[in-house]
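Some notes on the structure that comes next.
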Amino acid sequence: MIRIYNTMTRTKEEFVPLAAPAVGMYVCGVTVYDHSHIGHARSAMVFDVIRRYLTFKGYRVTFVKNYTDVDDRIIKRANQGGVSAREFAERFIAAERADMAALGVLAPDLDPKATEHVPQMIELIGRLVASGHAYPIDGDVYFEIRRFPPYGRLSGKNLDELLAGARVEVDERKRDPRDFALWKGAKPGEPAWDSPWGPGRPGWHIECSAMAMKYLGESFDFHGGGEDLIFPHHECEIAQAEACTIKRHDPDALRLWMLGTHYRNMIEWSEERVEEAARALDRFARLLRDATAVRRAATAAALPPAFAEFRPRFERAMDDDFNTPQALAALFDLVRALADARDRGPTATPPSAFVAGVDELVQLARVLGLFGRGAAAEGPPAEVERLVAARVEARTRRDFKRSDELRDEIARLGWLVEDTPAGPRLTPKGP
RNA sequence: GGCGGCGUAGCCAAGUGGUUAAGGCGGAGGUCUGCAAAACCUCUACUCCGCGGUUCGAAUCCGCGCGCCGCCUCCA
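With our numbering applied, the first sequence closes on residue 462, and no number is skipped along the way.
Here is the structure:
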């Protein structure tokens, strides 16, 4: 049984899909007016892991994530750059897709754009106007929060509190300063669509609702993002933590770092934390690499008892509101057990059993989105191979001076050579 | 000011009423090794910000205090 924290009730509740095994997830996507930053990356990875885990548990997940491709900032920046809002948005949509792919985030099943769903939004706004929850004024349409008592419940605030300290821009036409625009009448030079209230464009909040309803029906299982899940966002020096920061790091290291903190907790950006994660990742990587030869020689047998306790631990952790730190702890313990088995040799643990254990590790790690690209191991260039062979020969002669020179030379070519009982081991050195 | 969250080892971080308080990084010692690296083994919080209280029993619940932080601005 999976238990998940529900923002509305502020408790963990049993997850009961509305139409099992189908599960609908809707995630509020980005407003594409700039590159992704580390905050987007975390949010995306968290949902990615939730999606992967639900799939692992046998659910058929439909994952929808929208693009908000019309908004004040997009229009403003597009105008500054002398391009159309559409062209401007498309550019950042492409960038966002590339960033997410680089992070190992699975692509959504559907990624609708706001601009392609204006008719649905108009229809939804029309319904809200008809039901008295919204009112048009001078080409704008506002949502009247007083007509919707639960407003604010999600964030745990009441209406008066919202008004108290806030400096809300006064717009005399609005019935209440806190009412927000569902439809914005067009100003000159802005993209516009025809509507019963005149030409204009959708305001915030409405697009998610419209697209979610279209693709997942009126009710669905998950709604993630800034609105329904109060995800903490690290304040991290965002200026420095944009796309370049993301690209500078190993995506698996970033993921390991992020999953080391529970998703509902705040996390502070730190270069050092990511480097620590990269070191931890090495333990996995080395084990996996050492296992490749064994895997070629033996096929997996049934999982031996020594490696069987980790999956239940992993699942127990993930079932409990996606407790990735606990799940990772189980994985690290599995790594240790496997490394120990490797060191003890094939007498203590038959190759087939070892391979079964490694497969188990890989399977579970992939549920967290780790090692998705299979570590992309490129072989060393012939020159390096030649030097390594020469070094082996020097060592058999016990010519350690020459041996160390060769090691330095190999290092200059970007490879780390280590001596193991089974012979030299080559590792490409990071940038 | 209002609302919400947090304070666990040197650092990061789980655990939220009851066996020896996960895991990672770092550190110490050991095994292995020509050296090194890696790996493995052992150790590294008798204690969970402070003070009271509830309880047979609390890091976990309640109150107060101290210290951080987020939100209340179209940043998802």
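Ideal Cβ positions, reconstructed from N, Cα and C, are used throughout, including at glycine.
Check, Outcome
"Contact belief for residue 108 with residue 64 at Cβ below 8 Å, rounded distance in angstroms", "6 Å"
"Residue 254 - partner residues in DSSP beta bridges", "57"
"Chain-order list of residues whose beta-carbon lies under 6 Å from that of residue 387 (same chain, five-residue window excluded)", "331, 332 and 334"
"Nonlocal neighbours in the same chain, by C-beta distance under 8 Å from residue 284, ignoring five residues either side", "305, 306, 308, 309 and 312"
"CB-CB length for residue 291 against residue 356, believed under 8 Å", "6 Å"
"C-alpha distance - residue 395 paired with residue 49, whole-angstrom precision", "27 Å"
"Spatial neighbours of residue 86 in its chain, beta-carbon cut-off 7 Å, leaving aside the 5 residues before and after", "92"
"Rounded straight-line distance, which links the Cα of residue 133 to that of residue 9", "Limits of the chain in this structure are 32 at one end and 462 at the other, which puts residue 9 out of reach."
"CA nearest to the CA of residue 336, picked from 120, 433 and 391", "391"
"Neighbourhood of residue 33 by C-beta, 6 Å cutoff - its chain only, sequence neighbours within 5 removed", "46 and 350"
"Nonlocal neighbours in the same chain, by C-beta distance under 6 Å from residue 380, ignoring five residues either side", "372"
"Stretch-stretch touch, CB-based, cutoff 8 Å, three pairs: the stretch 36 to 43 with the stretch 91 to 105", "no"
"Between the CA atoms of residue 398 and residue 230 - distance to the nearest angstrom", "47 Å"
"Which listed residue (375, 352, 354 and 345) has its alpha carbon closest to that of residue 364", "345"
"Collapsed DSSP secondary structure at residue 345 in the structure displayed", "helix"
"Supposed contact pair residue 212 and residue 173 - C-beta distance, whole angstroms, cut 8 Å", "6 Å"
"For residue 155 and residue 241, the rounded distance between their alpha carbons", "7 Å"
"Residue 33, DSSP secondary structure in three states", "coil"
"Closest Cα partner of residue 360 within the set 384, 139, 343 and 55", "343"
"Cβ shell of residue 221 (< 6 Å), same chain only, five flanking positions each side left out", "106"
"Beta bridge counterpart(s) of residue 99 as assigned by DSSP", "62"
"Pick from 90, 319, 171 and 367 that is closest to residue 218, judged by C-alpha positions", "171"
"Expected contact under 8 Å - CB spacing of residue 90 and residue 254 to nearest Å", "Going by Cβ atoms, the distance from residue 90 to residue 254 rounds to 16 Å, so no, they are not a contact pair."
"Rounded straight-line distance, which links the Cα of residue 319 to that of residue 281", "17 Å"
"Neighbourhood of residue 83 by C-beta, 8 Å cutoff - its chain only, sequence neighbours within 5 removed", "137, 397, 398, 399 and 400"
"CA nearest to the CA of residue 354, picked from 315, 317, 296 and 402", "296"
"Closest by C-alpha distance to residue 210, when choosing among 164, 451 and 232", "164"
"Closest residue to residue 215 among 158, 147 and 153 (Cα-Cα distance)", "153"
"Nearest-angstrom Cα separation, counted from residue 299 out to residue 70", "10 Å"
"Through-space distance from residue 327 to residue 550, alpha-carbon basis", "Since the first residue of the chain shown is 32 and the last is 462, residue 550 is not available in this structure."
"Buried or exposed by the 16-neighbour rule on C-beta atoms within 10 Å, applied to residue 226", "buried"
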